[in-house]
Each structure stands twice: as C-alpha cells, then as structure tokens.
Amino acid sequence: MIAKLGEDIYRQKYQSEYEAHHLGKFVAINVRNQQATLGESPYEALEQAKAADPQGLFHLIRVGFSSAFQITHAYEYGNSGSGPDWIFR
Amino acid sequence: MATPAPVLTGSLDSAGHPTIKINVYGLSEQFQKEFEAMIDTGFTGFLMMPLTESFPLALTLYGTSSWTLAGGTLQPKLLAFGTVLLEGVHTHGVILLEPNASRPLLGMEFLRESNKALVVSKAGCFLIDEGYMNALAQQHAQQTQQPTAVPANKPPQNQP
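As given, the protein sequences belong to chains A and B, one line each in that order. Counting from 1 along the first sequence, just add 1106 to a position and that's the residue number in this note's numbering. Counting from 1 along the second sequence, just add 1 to a position and that's the residue number in this note's numbering.
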C-alpha cells in the first residue's frame, strides 16, 4: 500500500529534520526508492518528483500537518452525507 | 480605471454555496468535460473530483495522500494530475479523487494558481483577477491617504 509505505518512510527518514527546517512545505515520498522531494505546493513537489523518476509512485505529505490537505466542510462529502466525520484537520 | 475588470460570474446553489462552471481534463483537452464545481475556501487543495467522474477525463495518477478523519484515523486518497479550464485559461494542479464526493470542489490552491479572488454576494459569486483587485486596493489606499480640505470658516459638524 503506497500510503502506508510513504508514511513509514517519511516518519523514519525525514520527519524530524523536515519539521525542524521545512514546516508547511509539501513533500512527495517516492516509495520505489525512498527519495523525498520538497515543494512549496503539492503540484511543485509532485511534478519535481515525477521528473526525477517518471516511473515513481508517490505519497504526498505536508510537513508538520496531519494531512496534506484540509477541508472544513462536511456537506455531501461525508460517508453518510450527514455528519462531521469528514472534517479534516 | 486603467485595468479592465476581468470578472467571471458563478451562481449560488440551493444551499447557498458558490458554484462555477469549469472544464476538467487530464492527458489531453479532447477528454475535457464540463462540471458545475462548488468553491470552498475551507478546502486547501486545488480540486477534488468524484472518483467515478474522473475516469473519462484521462487524469494521470500521481499516487496517494493520507487524510486524517476527525476520529484520528488515516485514510488514503488517490492523487492525480489534471487541468482546469475556465474561460479559456488552463490551470494545472493536483486533483484529489474522492469516492464519496457527488460533485467537484474547487479549493484555495485553485484560486492561488489561477490568480483569482472570490467575491460572494446575494446574487451569485465572482472570480475576479488578482491584478484588478490589487489595483482597486491601491486606488482605495490613495484616496484614503489624501486629506480632505475643510474651509477654515466652516464650523465642525456634529456639534450642538
């Protein structure tokens, strides 16, 4: 599973250093070779990572955040469409 | 005003959310399809698409990202590369593919990348060019900095 591999690689190899120096930036973890590519935006990080390895499989993380993206609405994006379970932080 | 106002108009849906018509495509423009997208300033991403709607658009899969649910559970999401076409302007970005979404959702990253400011009124919504907004702000700042000339013999107002 790409997401789990990416999270594990990030936690083991990059998290402490990146949270000290690159807070708020986006990082694309290539789960094929464990390389990390930083960018100011998701697009920048992923495009640079893909340019470095066109066959790569990437997992996107925002440094210092629990999710790469945040959404404060629930409306119809909920599993049931009824509750705040999909309010991300 | 030297800069013409490049204004695009959207509408409000039945729940009062601002919506606008966009075209989305992946590998080539020939795959583009029109959608009525909701604009949500509480969404930090570029565009969220219903997964099933994304198949005919030929989006290029990047990989994944994890989202944290309110209960703390991590849930993986698919990410793809795609382009939003709005009034002839093509804006590239990272698209989240969401199985539970019912329609596209435009977020703050789209507004940043396309250099648009969102204005919502009772009548609808407007995507206004950032350059025009900046020119307006500068003009307003200049007007408020100029002191108003008051005739010396005119008594101050609001006095008994």
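Heads up, the beta-carbon is just placed ideally off N, CA and C, and yes, glycines get one too. Source: prediction; values computed, not measured.
Selection from the options that minimises the alpha carbon distance to residue i
i	options	result
leucine 62 of chain B	B:Phe82, B:Thr20 and B:Gly11	B:Phe82
glutamine 31 of chain B	B:Ile40, B:Pro19, B:Ala59 and B:Thr145	B:Ala59
leucine 80 of chain B	B:Gly27, B:Gln143 and B:Val8	B:Gly27
glycine 43 of chain B	B:Leu119, B:Tyr133 and B:Val25	B:Leu119
isoleucine 1115 of chain A	A:Ile1167, A:Ala1158 and A:Ala1151	A:Ile1167
leucine 128 of chain B	B:Ser55, B:Glu54, B:Leu98 and B:Val90	B:Val90
glutamate 1153 of chain A	B:Ser67, B:Val95 and B:Trp68	B:Val95
leucine 98 of chain B	B:Glu131, B:Ser55 and B:Gly132	B:Ser55
Alpha-carbon to alpha-carbon, residue j and residue i
i	j	result
leucine 13 of chain B	isoleucine 23 of chain B	15 Å
asparagine 135 of chain B	serine 1122 of chain A	39 Å
methionine 109 of chain B	glycine 46 of chain B	6 Å
glycine 11 of chain B	glutamine 1118 of chain A	46 Å
leucine 52 of chain B	alanine 38 of chain B	14 Å
proline 1190 of chain A	leucine 106 of chain B	Summary for proline 1190 of chain A: the model assigns pLDDT 42, below 50, so the residue's position carries little reliability, and this model does not support an answer.
aspartate 41 of chain B	glycine 1162 of chain A	31 Å
leucine 87 of chain B	methionine 1107 of chain A	35 Å
valine 1133 of chain A	serine 1172 of chain A	13 Å
phenylalanine 111 of chain B	tyrosine 1149 of chain A	11 Å
glutamine 1175 of chain A	glutamine 147 of chain B	As written in the sequence, residue 1175 of chain A is phenylalanine, which differs from the glutamine given in the question. Spanning the two alpha carbons is a distance of roughly 43 Å.
leucine 70 of chain B	tyrosine 1124 of chain A	23 Å
valine 25 of chain B	serine 1147 of chain A	20 Å
Expected contact under 8 Å - CB spacing of residue i and residue j to nearest Å
i	j	result
alanine 102 of chain B	methionine 49 of chain B	6 Å
threonine 65 of chain B	histidine 1165 of chain A	5 Å
glutamate 114 of chain B	threonine 92 of chain B	5 Å
proline 19 of chain B	lysine 34 of chain B	Not a contact, Cβ separation roughly 21 Å.
leucine 1144 of chain A	lysine 1156 of chain A	No, leucine 1144 of chain A and lysine 1156 of chain A are not in contact; Cβ-Cβ is about 14 Å, not under 8 Å.
Contiguous beta strand (DSSP E) assignments of at least 3 residues, all confined to the segment 1107-1149 of chain A:
Look at the segment 1107-1149 of chain A and you find these whole runs of beta strand (DSSP E), each 3 residues long or longer: 1132-1136 and 1142-1145.
The segment 1132-1151 of chain A / the segment 1108-1117 of chain A touching (three or more Cβ pairs under 8 Å):
Yes, the segment 1132-1151 of chain A touches the segment 1108-1117 of chain A.
What are the uninterrupted segments assigned as beta strand (DSSP E) that are 3 or more residues long and contained completely in the segment 30-67 of chain B, given in chain order?
34-40 and 48-51, all fully within the segment 30-67 of chain B.
For the segment 70-77 of chain B against the segment 123-137 of chain B, do three or more pairs of beta-carbon atoms, one drawn from each stretch, fall closer than 8 Å, so that the two count as touching?
These segments do not touch.
Ranges of the beta strand (DSSP E) found wholly within the segment 112-140 of chain B, counting only runs of at least 3:
Fully enclosed beta strand (DSSP E) runs of 3 or longer: 117-121 and 126-130.
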